[in-house]
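Each remark here refers to the structure printed beneath this line.
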Amino acid sequence: REKKTKKVAKRMDSSLNWMSGWAKLKTEQEQLRPAEVEPAMAVVEPPTTMVDALEELPTGTPEIFLAYIQRDINCLAEESLSVRLTSLQKLQRLLVQQVESLATDIIDAVMDALLKPLLKRMKDRS
């Protein structure tokens, strides 16, 4: 007795027919779009952060203190030199000039959070 084998058709499963037009749609959209890609939005002027908004930041726990300065730490990764410089100046004013008034656990947590963005910028030539 011989078994009949079915020939496998090179077609999509009927349940996937709804996807068949995707590739065609994508190529049509690429033809309509100009060749140049728009650059990503860049922050040109420094944003207002919690350091600007409050006279004194809460220093109860390292987590709370970090939450208030996290935006300035994130701004160290911006492309704009003026944004990075402004954030560094705020952090310097807050951390270096007022180091005596901060607890050591807060300083340790802040330095851990600052280490990665600062080291990334050291290898950058800007």
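Counting from 134, one number per residue, gives the positions in the sequence shown under this note's numbering.
Built from N, CA and C at the ideal position, the CB exists for glycine as well.
Nearest to isoleucine 206 by CA position, among Pro250, Pro180, Thr181, is which residue? Taking the sequence shown and counting its residues from 1, the one referred to as residue 206 is at position 73. Here the closest residue by C-alpha is Pro250.
Hey, how far is the Cα of valine 177 from the Cα of glutamate 196? Position 44 of the sequence shown holds residue 177. Position 63 of the sequence shown holds residue 196. If you take the alpha carbons of valine 177 and glutamate 196, they lie about 29 Å apart.
What is the rounded straight-line gap between the Cα of threonine 237 and the Cα of glutamate 212? What you label residue 237 is simply residue 104 of the sequence shown in a count that begins at 1. What you label residue 212 is simply residue 79 of the sequence shown in a count that begins at 1. C-alpha separation (whole angstroms): 32 Å.
Would you list, in sequence order, the uninterrupted alpha helix (DSSP H) runs of no fewer than 4 residues that lie entirely inside the segment 177-250? 183-186, 195-208, 214-224
How long is the line joining the alpha carbons of glutamate 233 and leucine 227, rounded to whole angstroms? As a working note, residue 233 is residue 100 in the sequence shown. As a working note, residue 227 is residue 94 in the sequence shown. Rounded to the nearest angstrom, the two C-alpha atoms are 11 Å apart.
How big is the Cα-Cα spacing for threonine 194 and alanine 186? Taking the first residue of the sequence shown as position 1, residue 194 is located at position 61. Taking the first residue of the sequence shown as position 1, residue 186 is located at position 53. Computed Cα separation, rounded: 19 Å.
Check each candidate in Leu235, Thr182, Ala200 and name the one with the smallest Cα separation from valine 216. Here residue 216 is taken as the residue at index 83 of the sequence shown, counted from 1. Per the Cα distances, Thr182.
Counting only beta-carbon atoms, is alanine 200 nearer than 8 Å to chain D? Looking at the structure shown, chain D is missing, and only one protein chain is on hand.
Among the residues of its own chain, which have a CB less than 8 Å from the CB of glutamine 203, if the five just before and after it don't count? In the sequence shown, counting from the first residue as 1, residue 203 sits at position 70. Here the set comprises Ala246.
Under the three-state DSSP convention, the category arginine 258 falls into: In the sequence shown, counting from the first residue as 1, residue 258 sits at position 125. Residue state, collapsed to three classes: coil.
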